[in-house]
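Student:
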Amino acid sequence: MIVALDGPAGSGKSTTARRVAHELGGLYLDTGAMYRAIGLAFLDQDRPFTERAAAEIVPDLRVELDPLPDASLAVRLSGEDVTERIRSGPAAQAASRAAALAPVRTAMLHAQRAVAQEWARDGRVVVAEGRDMGSVVFPDAPVKFFLTADLEARAQRRAADLAARGDSVDLAQVRDDIAQRDRRDADRALAPLRAAPDAVVLDTTTLTPDEQVERVVQAVRSAQEQAA
-14 MIVALDGPAG SGKSTTARRV AHELGGLYLD TGAMYRAIGL AFLDQDRPFT ERAAAEIVPD
46 LRVELDPLPD ASLAVRLSGE DVTERIRSGP AAQAASRAAA LAPVRTAMLH AQRAVAQEWA
106 RDGRVVVAEG RDMGSVVFPD APVKFFLTAD LEARAQRRAA DLAARGDSVD LAQVRDDIAQ
166 RDRRDADRAL APLRAAPDAV VLDTTTLTPD EQVERVVQAV RSAQEQAA
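Using the numbering used here, read the sequence shown as starting at -14 and increasing by one per residue.
Shown next as C-alpha coordinates:
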(Lines of atoms letter the chains of each structure in order from A and count residues from 1; the text may use other names and numbers.)
(Lines give C-alpha, C1' and ligand atoms only; values in the text may rest on other atoms or scores of the structure.)
Protein backbone atom coordinates (compact mmCIF):
# COMPACT_ATOMS: atom_id res chain seq x y z
CA MET A 1 0.00 0.00 0.00
CA ILE A 2 1.21 3.48 -0.91
CA VAL A 3 0.58 6.31 1.53
CA ALA A 4 1.12 9.79 0.06
CA LEU A 5 2.14 12.64 2.35
CA ASP A 6 2.65 16.06 0.80
CA GLY A 7 3.16 19.56 2.09
CA PRO A 8 5.49 22.57 2.21
CA ALA A 9 8.76 22.81 4.14
CA GLY A 10 8.36 22.66 7.90
CA SER A 11 4.84 21.25 7.84
CA GLY A 12 5.92 18.16 9.73
CA LYS A 13 5.58 15.76 6.83
CA SER A 14 9.08 14.26 7.06
CA THR A 15 8.88 13.44 10.77
CA THR A 16 5.34 12.17 10.37
CA ALA A 17 6.12 10.03 7.33
CA ARG A 18 9.17 8.45 8.95
CA ARG A 19 7.34 7.66 12.18
CA VAL A 20 4.26 6.31 10.41
CA ALA A 21 6.44 3.98 8.35
CA HIS A 22 8.23 2.81 11.48
CA GLU A 23 5.00 2.22 13.43
CA LEU A 24 3.43 0.24 10.58
CA GLY A 25 6.55 -1.78 9.85
CA GLY A 26 6.76 -0.14 6.45
CA LEU A 27 9.30 1.85 4.48
CA TYR A 28 9.78 5.61 4.20
CA LEU A 29 10.29 7.04 0.72
CA ASP A 30 11.83 10.49 1.17
CA THR A 31 11.49 11.97 -2.31
CA GLY A 32 12.74 15.31 -1.05
CA ALA A 33 16.07 13.64 -0.34
CA MET A 34 16.20 12.53 -3.97
CA TYR A 35 15.68 16.08 -5.21
CA ARG A 36 18.21 17.41 -2.72
CA ALA A 37 20.77 14.94 -4.04
CA ILE A 38 20.12 16.09 -7.60
CA GLY A 39 20.33 19.73 -6.50
CA LEU A 40 23.62 18.97 -4.78
CA ALA A 41 24.97 17.63 -8.07
CA PHE A 42 24.20 20.95 -9.74
CA LEU A 43 26.07 22.78 -6.96
CA ASP A 44 29.03 20.40 -6.97
CA GLN A 45 29.40 20.69 -10.73
CA ASP A 46 28.78 24.45 -10.65
CA ARG A 47 26.06 24.11 -13.27
CA PRO A 48 23.21 26.56 -13.85
CA PHE A 49 19.68 25.45 -13.07
CA THR A 50 18.58 25.30 -16.70
CA GLU A 51 16.79 22.71 -18.82
CA ARG A 52 19.91 22.29 -20.94
CA ALA A 53 22.20 21.66 -17.98
CA ALA A 54 19.69 19.23 -16.50
CA ALA A 55 19.45 17.29 -19.76
CA GLU A 56 23.24 17.01 -19.79
CA ILE A 57 23.92 15.89 -16.23
CA VAL A 58 20.81 14.04 -15.00
CA PRO A 59 21.23 10.93 -17.20
CA ASP A 60 24.62 10.29 -15.58
CA LEU A 61 23.38 10.65 -12.00
CA ARG A 62 22.27 7.75 -9.82
CA VAL A 63 20.34 8.38 -6.61
CA GLU A 64 20.07 5.38 -4.28
CA LEU A 65 18.10 5.08 -1.05
CA ASP A 66 19.04 2.56 1.62
CA PRO A 67 16.35 1.98 4.29
CA LEU A 68 17.68 1.97 7.86
CA PRO A 69 16.19 0.14 10.88
CA ASP A 70 14.66 3.33 12.32
CA ALA A 71 12.80 3.95 9.01
CA SER A 72 15.18 6.75 8.03
CA LEU A 73 17.31 6.56 4.90
CA ALA A 74 20.92 6.65 3.83
CA VAL A 75 21.24 8.52 0.52
CA ARG A 76 23.90 7.94 -2.11
CA LEU A 77 24.56 10.08 -5.16
CA SER A 78 26.42 8.14 -7.84
CA GLY A 79 28.00 6.01 -5.12
CA GLU A 80 28.85 8.84 -2.68
CA ASP A 81 27.10 8.94 0.69
CA VAL A 82 25.46 12.38 0.80
CA THR A 83 23.04 11.70 3.67
CA GLU A 84 24.36 14.58 5.78
CA ARG A 85 25.25 16.99 2.98
CA ILE A 86 21.75 17.10 1.53
CA ARG A 87 20.33 18.49 4.80
CA SER A 88 22.02 21.87 4.39
CA GLY A 89 20.17 25.06 3.52
CA PRO A 90 21.87 25.41 0.11
CA ALA A 91 20.89 21.83 -0.78
CA ALA A 92 17.26 22.58 0.10
CA GLN A 93 17.18 25.65 -2.13
CA ALA A 94 18.97 23.75 -4.90
CA ALA A 95 16.38 20.98 -4.66
CA SER A 96 13.55 23.44 -5.24
CA ARG A 97 15.27 24.95 -8.27
CA ALA A 98 16.15 21.56 -9.74
CA ALA A 99 12.61 20.28 -9.20
CA ALA A 100 11.26 22.93 -11.58
CA LEU A 101 13.25 21.44 -14.49
CA ALA A 102 11.51 18.95 -16.79
CA PRO A 103 14.46 16.52 -17.19
CA VAL A 104 14.79 16.31 -13.40
CA ARG A 105 11.09 15.79 -12.74
CA THR A 106 10.77 13.15 -15.45
CA ALA A 107 13.74 11.20 -14.13
CA MET A 108 12.56 11.45 -10.53
CA LEU A 109 8.99 10.46 -11.40
CA HIS A 110 10.19 7.19 -12.91
CA ALA A 111 12.72 6.60 -10.12
CA GLN A 112 10.20 7.21 -7.34
CA ARG A 113 7.61 4.90 -8.86
CA ALA A 114 10.22 2.20 -9.40
CA VAL A 115 11.44 2.39 -5.80
CA ALA A 116 7.91 2.29 -4.39
CA GLN A 117 6.95 -0.65 -6.58
CA GLU A 118 10.00 -2.60 -5.47
CA TRP A 119 9.54 -1.80 -1.79
CA ALA A 120 5.81 -2.57 -1.79
CA ARG A 121 6.26 -5.89 -3.57
CA ASP A 122 6.10 -7.90 -0.34
CA GLY A 123 2.93 -6.15 0.81
CA ARG A 124 4.57 -3.60 3.08
CA VAL A 125 3.30 -0.06 3.49
CA VAL A 126 5.39 2.55 1.66
CA VAL A 127 5.00 6.07 3.02
CA ALA A 128 5.96 8.42 0.19
CA GLU A 129 6.68 11.96 1.33
CA GLY A 130 7.16 14.96 -0.91
CA ARG A 131 5.33 17.75 -2.68
CA ASP A 132 3.47 15.96 -5.49
CA MET A 133 3.06 12.40 -4.23
CA GLY A 134 -0.73 12.39 -4.14
CA SER A 135 -1.30 14.70 -7.09
CA VAL A 136 1.23 13.38 -9.64
CA VAL A 137 3.48 10.49 -8.63
CA PHE A 138 0.93 8.23 -6.91
CA PRO A 139 -2.50 9.57 -7.92
CA ASP A 140 -4.14 6.22 -7.06
CA ALA A 141 -2.71 6.00 -3.53
CA PRO A 142 -5.54 4.90 -1.20
CA VAL A 143 -4.36 7.21 1.59
CA LYS A 144 -3.36 10.81 0.89
CA PHE A 145 -2.59 13.61 3.30
CA PHE A 146 -1.53 17.20 2.67
CA LEU A 147 0.14 18.65 5.76
CA THR A 148 0.33 22.39 6.26
CA ALA A 149 1.07 24.91 9.02
CA ASP A 150 1.46 28.66 9.32
CA LEU A 151 4.74 30.17 8.18
CA GLU A 152 6.00 31.12 11.64
CA ALA A 153 5.51 27.60 13.01
CA ARG A 154 7.26 26.10 10.01
CA ALA A 155 10.18 28.51 10.29
CA GLN A 156 10.64 27.70 13.97
CA ARG A 157 10.61 23.96 13.27
CA ARG A 158 13.16 24.31 10.48
CA ALA A 159 15.38 26.52 12.65
CA ALA A 160 15.23 23.95 15.45
CA ASP A 161 16.27 21.19 13.04
CA LEU A 162 19.24 23.24 11.83
CA ALA A 163 20.29 24.13 15.38
CA ALA A 164 20.11 20.47 16.40
CA ARG A 165 22.65 19.69 13.69
CA GLY A 166 24.96 22.41 14.95
CA ASP A 167 24.28 24.86 12.12
CA SER A 168 24.13 28.59 12.78
CA VAL A 169 20.53 29.80 12.66
CA ASP A 170 18.99 33.14 11.71
CA LEU A 171 15.24 32.72 12.19
CA ALA A 172 14.39 35.65 9.93
CA GLN A 173 16.52 34.19 7.14
CA VAL A 174 14.98 30.75 7.64
CA ARG A 175 11.52 32.31 7.42
CA ASP A 176 12.43 34.17 4.23
CA ASP A 177 13.95 31.04 2.68
CA ILE A 178 10.80 29.02 3.38
CA ALA A 179 8.54 31.74 2.00
CA GLN A 180 10.66 31.94 -1.13
CA ARG A 181 10.54 28.19 -1.58
CA ASP A 182 6.77 28.19 -1.04
CA ARG A 183 6.37 30.66 -3.91
CA ARG A 184 8.74 28.77 -6.19
CA ASP A 185 7.09 25.40 -5.52
CA ALA A 186 3.54 26.73 -5.88
CA ASP A 187 4.22 28.74 -9.04
CA ARG A 188 6.25 26.25 -11.06
CA ALA A 189 4.64 24.96 -14.24
CA LEU A 190 5.52 21.32 -13.57
CA ALA A 191 3.74 19.57 -10.68
CA PRO A 192 3.19 22.68 -8.54
CA LEU A 193 2.77 22.27 -4.81
CA ARG A 194 -0.91 21.75 -4.09
CA ALA A 195 -3.12 19.26 -2.33
CA ALA A 196 -4.60 16.45 -4.38
CA PRO A 197 -8.40 16.83 -4.66
CA ASP A 198 -8.94 13.69 -2.58
CA ALA A 199 -6.25 14.37 0.03
CA VAL A 200 -7.02 15.00 3.69
CA VAL A 201 -5.66 18.47 4.52
CA LEU A 202 -4.14 18.43 8.00
CA ASP A 203 -3.11 21.71 9.65
CA THR A 204 -0.26 20.80 12.00
CA THR A 205 0.31 24.28 13.45
CA THR A 206 -0.96 23.29 16.89
CA LEU A 207 -0.58 19.51 16.63
CA THR A 208 2.16 17.51 18.32
CA PRO A 209 4.15 14.99 16.27
CA ASP A 210 2.34 12.19 18.12
CA GLU A 211 -1.04 13.62 17.10
CA GLN A 212 0.04 13.93 13.48
CA VAL A 213 1.25 10.34 13.39
CA GLU A 214 -1.92 9.07 15.05
CA ARG A 215 -4.15 10.74 12.43
CA VAL A 216 -2.26 9.16 9.54
CA VAL A 217 -1.88 5.72 11.14
CA GLN A 218 -5.62 5.58 11.82
CA ALA A 219 -6.36 6.41 8.18
CA VAL A 220 -3.95 3.73 6.93
CA ARG A 221 -5.37 1.06 9.21
CA SER A 222 -8.90 1.97 8.14
CA ALA A 223 -7.88 1.66 4.48
CA GLN A 224 -6.24 -1.69 5.18
CA GLU A 225 -9.42 -2.98 6.83
CA GLN A 226 -11.53 -1.86 3.89
CA ALA A 227 -9.17 -3.56 1.44
CA ALA A 228 -9.10 -6.84 3.38
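Quick reminder that beta carbons are idealized off the backbone N, C-alpha and C, glycines included.
For A148, is the classification buried or exposed, using 16 other Cβ atoms within 10 angstroms of its Cβ as the cut-off for buried?
Tutor: Per the 10 Å Cβ criterion, exposed.
Student: Can you confirm whether the segment 92 to 105 touches the segment 158 to 170 when touching is taken to mean that 3 or more C-beta pairs between the two stretches lie within less than 8 Å?
Tutor: no
Student: Tell me whether the beta-carbon of V43 lies closer than 9 Å to the beta-carbon of F130.
Tutor: no
Student: Would you mind reading off the limits of the beta strand (DSSP E) that contains F123?
Tutor: Looking at the DSSP string, F123 is not in any beta strand (DSSP E), and its letter there is neither H nor E.
Student: Considering only DSSP beta bridges, list what F131 is partnered with.
Tutor: D(-9), V186
Student: Which term fits E114, buried or exposed, when burial requires 16 or more other beta carbons within 10 angstroms of its beta carbon?
Tutor: So E114 ends up on the buried side.
Student: Can you say whether Q197 is buried or exposed, counting buried as having 16 or more other CB atoms within 10 angstroms of its CB?
Tutor: buried
Student: Any contact between the segment -8 to 9 and the segment 114 to 126? By contact I mean 3 or more CB pairs, one from each, below 8 Å.
Tutor: yes
Student: Just the C-alpha distance for R173 and R160, rounded to the nearest angstrom, thanks.
Tutor: Using only the alpha carbons, I get a separation of about 20 Å.
Student: Could you tell me which residues DSSP puts in a beta bridge with P52?
Tutor: Note: P52 is bridge-paired with L58 in the DSSP secondary-structure output.
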